[in-house]
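Visitor:
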Amino acid sequence: MMKLFYAPGTCALASHIALEEAGATFTATRVDFSRNEQQQPEYLAINPKGRVPALVTDRGILTENPAILAFIAQIYPDAKLAPVRDPFAFAQVQAFNSYLASTVHVAHAHGRRGYRWAGEQSSFDDMKRKLPEVMTACFDLIEREMFKGPWAMGEAYSICDPYLFTLSDWLESDGVDPKRFPKVHDHRTRMHERPAVKRALAQEGRASGGGRPHPHRCRPRHVVDRRWWLHSH
Numbered sequence: 048m049m050k051l052f053y054a055p056g057t058c059a060l061a062s063h064i065a066l067e068e069a070g071a072t073f074t075a076t077r078v079d080f081s082r083n084e085q086q087q088p089e090y091l092a093i094n095p096k097g098r099v100p101a102l103v104t105d106r107g108i109l110t111e112n113p114a115i116l117a118f119i120a121q122i123y124p125d126a127k128l129a130p131v132r133d134p135f136a137f138a139q140v141q142a143f144n145s146y147l148a149s150t151v152h153v154a155h156a157h158g159r160r161g162y163r164w165a166g167e168q169s170s171f172d173d174m175k176r177k178l179p180e181v182m183t184a185c186f187d188l189i190e191r192e193m194f195k196g197p198w199a200m201g202e203a204y205s206i207c208d209p210y211l212f213t214l215s216d217w218l219e220s221d222g223v224d225p226k227r228f229p230k231v232h233d234h235r236t237r238m239h240e241r242p243a244v245k246r247a248l249a250q251e252g253r254a255s256g257g258g259r260p261h262p263h264r265c266r267p268r269h270v271v272d273r274r275w276w277l278h279s280h
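So for the sequence shown, our numbering puts the first residue at 48; every next one is plus one.
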């Protein structure tokens, strides 16, 4: 059985939703950032990057949302989460998700983890001031050029939709009004209505439509097995 490692309020929600959409058999294990579990040796043995998501499979461990999402779509073709038999169309899906990973998520991180790129408080403050402008530019492009409608890639729901939903849920905390992007905002509303999204949010201790918790302040609503690493493989 596959095992997904996640932390509430993080990008791991995208992979969590995709697993639910695919009807996959898996367990979801919370990595408690408030206790710095992501930097403990037990978790670093699973993902040396010290980040989430990580997906343990019978063939090994996968990290990074674009890779995990593509894997889910390919091993569950009947779920029709991507055009896996059309190389060009599948590459278009990957291009959308790559933009979310390499540009949108990285822009968001500048507002909270500026220490990855600079060492002075003045630099951190400047990044935070710039964040709303940069995130607005990212979502302007998505709204205007990338989003096909009614789903991210057009008529068919795909692995792009959980990822877009997850990152668009960060807009308010980045100082951006999501309503300025009508297509993305409507998409987010419809995503909240999907049973798979509701299940993933419930497992992560969030109510659908309840907003994004900050991962460093989260506390579980269920009992965390502090010995999860003993059976992580």
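Virtual Cβ for every residue (Gly too), placed ideally from N, Cα, C.
Please state whether DSSP places F228 in a helix, a strand or coil.
Guide: In the displayed model, F228 falls within coil according to three-state DSSP, outside both helix and strand.
Visitor: Can you give me the Cβ contacts of F194 inside the same chain, cut-off strictly under 6 angstroms, excluding the 5 residues immediately before and after it?
Guide: K230
Visitor: Quick one: Cα of L248 to Cα of G166, how far?
Guide: 35 angstroms
Visitor: With three or more beta-carbon pairs closer than 8 angstroms as the criterion, would you say the stretch 207-215 touches the stretch 53-61?
Guide: yes
Visitor: Could you pull the start and end residues of the alpha helix (DSSP H) that F80 belongs to?
Guide: That residue, F80, is in no alpha helix (DSSP H); it is neither H nor E in DSSP.
Visitor: Could you tell me whether the stretch 173-188 touches the stretch 113-133, using the rule of 3 or more Cβ pairs below 8 angstroms?
Guide: no
Visitor: Rounded to a whole number of angstroms, what is the C-alpha to C-alpha distance between D221 and N144?
Guide: If I take the Cα positions, the gap works out to 20 angstroms.
Visitor: For the beta strand (DSSP E) containing Y53, list its first residue and its last residue.
Guide: Counting along the chain, Y53 sits inside the beta strand (DSSP E) bounded by residues M49 to Y53.
Visitor: Taking 7 angstroms as the threshold (C-beta atoms), are V131 and V99 in contact?
Guide: no
Visitor: Could you check where the alpha helix (DSSP H) with L218 kicks off and where it finishes?
Guide: No alpha helix (DSSP H) holds L218; DSSP gives it neither H nor E.
Visitor: For G97, which residues from the same chain have a beta carbon less than 8 angstroms from its beta carbon, with the 5 sequence-adjacent residues on both sides left out?
Guide: Q85, Q86, Y90 and L91
Visitor: Report all residues from its chain with a CB closer than 6 angstroms to the CB of P209; omit the five preceding and five following residues, and keep chain order.
Guide: A61, I64 and A65.
Visitor: Determine the DSSP secondary structure at A249, reduced to helix, strand or coil.
Guide: helix
Visitor: I need the boundaries of the beta strand (DSSP E) containing A101, first residue and last residue.
Guide: A101 to T104
Visitor: Where do the N-terminal and C-terminal ends of the alpha helix (DSSP H) with T110 fall, by residue?
Guide: Per DSSP, T110 lies in no alpha helix (DSSP H); the unbroken beta strand (DSSP E) holding it starts and ends at G107 to T110.
Visitor: Are the beta-carbon atoms belonging to H155 and W217 less than 7 angstroms from one another?
Guide: In this structure, the beta-carbon distance from H155 to W217 falls below 7 angstroms.
Visitor: Return the Cβ separation of L128 and M49 in integer angstroms, given the expectation that the two are a contact with Cβ distance under 8 angstroms.
Guide: Contact flag wrong, Cβ pair sits at about 15 angstroms.
Visitor: Quick one: Cα of P124 to Cα of A136, how far?
Guide: 14 angstroms
Visitor: On the DSSP bridge assignment, give the partners of A75 in chain order.
Guide: L51
Visitor: The alpha helix (DSSP H) with Q139 in it runs from where to where?
Guide: P134 to Y146
Visitor: Helix, strand or coil: which one does DSSP assign to G70?
Guide: Note: G70 maps to coil in three-state DSSP.
Visitor: Roughly how many whole angstroms lie between the Cα atoms of A126 and T236?
Guide: 22 angstroms
Visitor: Can you pull the DSSP bridge partners for W198?
Guide: G201
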